[in-house]
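**Student:**
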Amino acid sequence: MSPRKKAAARELRVSELAGRVVRDVEGRKVGRIEELFAELEQHEDGNDYVVTQIHVGSFGALEVIGGGEIVRHLLARVGRLVGYKSYRVPWELVDLSDPKRPMLTVPKDALDEDQDREQKQMERHREAAKREHERQKQQQDDEEQEREEEEREEQEQRR
């Protein structure tokens, strides 16, 4: 499949893109557009929102259920167990010459998989809790060892 030429800058409604299936330059499905990220550009004659990147997600087997907010949060929690993959794609890599069939100008393999922020945060919390648990256990072990030593000293003094 030959790459399509990039269309000139134009206005599109978010509703025209949200939920659309995105394919890579080789025609492989990458996922569906879940979010668009935009920045506010200020001009003398007004302001414009300019899309900087899109969030493309692949829900795997659960994609048939729907892409609702509840499903997204659920998938953020169970992540890779259900085959959820997501990508943050720079806008420059998106070809919208046909807005009904968005395409990327690179192969899917060239994208870095984006672990959901919530999932990363949960992993950090889990690691911190594990370290805290280990610290408390070490402290308890030290205190118990100290008590045992004191008891031995007391027993030796009694003899």
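The sequence shown lines up with residues 10 to 168 when you count with our numbering. Cβ atoms here follow ideal geometry from the backbone N, Cα and C, with glycine treated the same way.
1) Note down the Cα distance separating residue 56 from residue 49, rounded to an integer number of angstroms.
2) Got a sec, what are the start and stop residues for the beta strand (DSSP E) residue 43 sits in?
3) When the Cα of residue 231 is compared with those of 54, 99, 38 and 36, which residue comes out closest?
4) Taking the beta strand (DSSP E) that residue 24 belongs to, which residues open and close that run?
5) Taking just the CA atoms, how far does residue 97 sit from residue 115?
6) Please confirm whether residue 63 has its beta-carbon closer than 8 Å to some beta-carbon of chain B.
7) Beta carbon of residue 111, beta carbon of residue 21: below 8 Å?
8) So, is residue 15 buried or exposed, given that buried needs 16 or more other C-beta atoms within 10 angstroms?
9) With 16 as the cutoff for other CB atoms within 10 Å, does residue 106 come out buried or exposed?
10) Please return the same chain residues whose Cβ sits closer than 8 Å to the Cβ of residue 60, not counting the five positions on each side in sequence.
11) Starting from residue 94, follow the beta strand (DSSP E) in both directions and report where the run begins and ends.
12) Excluding the 5 residues preceding and the 5 following residue 33 in the sequence, name in chain order all residues of the same chain whose CB lies nearer than 6 Å to its CB.
13) Taking residue 1 as part of the beta strand (DSSP E), name the residues at either end of that continuous run.
14) Please classify residue 35: does DSSP put it in a helix, a strand, or coil?
15) Would you grab the beta carbon distance between residue 63 and residue 23 for me? Rounded to a whole angstrom, and I think it's under 8 Å.
16) Could you pull out every residue in the same chain whose Cβ sits closer than 7 Å to the Cβ of residue 144, ignoring the five residues on either side in sequence?
**Tutor:** If we stick to the structure as given:
1) For residue 56 and residue 49, the gap between their C-alpha atoms comes out near 7 Å.
2) From DSSP, the beta strand (DSSP E) with residue 43 extends over 38 to 52.
3) Outside the shown range of the chain (10 to 168) lies residue 231, about which nothing can therefore be said.
4) Per DSSP, residue 24 belongs to no beta strand (DSSP E); it is in the alpha helix (DSSP H), 23 to 26.
5) Approximately 13 Å, taken between the alpha carbons.
6) Any reference to chain B falls outside this structure, which holds one protein chain only.
7) Not a contact, by the Cβ cut-off of 8 Å.
8) With a pLDDT of only 41 at residue 15, under the threshold of 50, the placement of this residue in the model should not be trusted; the figure read from the coordinates follows. Residue 15 is exposed by the Cβ-count criterion.
9) Flag for residue 106 reads exposed.
10) The beta carbon of residue 60 lies closer than 8 Å to those of 45, 46, 47 and 100 in the same chain, with the five residues before and after it left out.
11) Secondary structure note for residue 94: its beta strand (DSSP E) is the uninterrupted segment 94 to 99.
12) Scanning its chain for C-beta atoms nearer than 6 Å, with the 5 sequence neighbours on each side dropped, one finds around residue 33 the residues 39, 113, 116 and 117, in chain order.
13) Outside the displayed range of the chain (10 to 168) lies residue 1, so it cannot be described from this structure.
14) In the structure shown, the three-state DSSP call for residue 35 is coil.
15) Not confirmed; about 11 Å, so no contact.
16) Excluding its 5 nearest sequence neighbours in each direction, residue 144 has no C-beta neighbour in its own chain below 7 Å.
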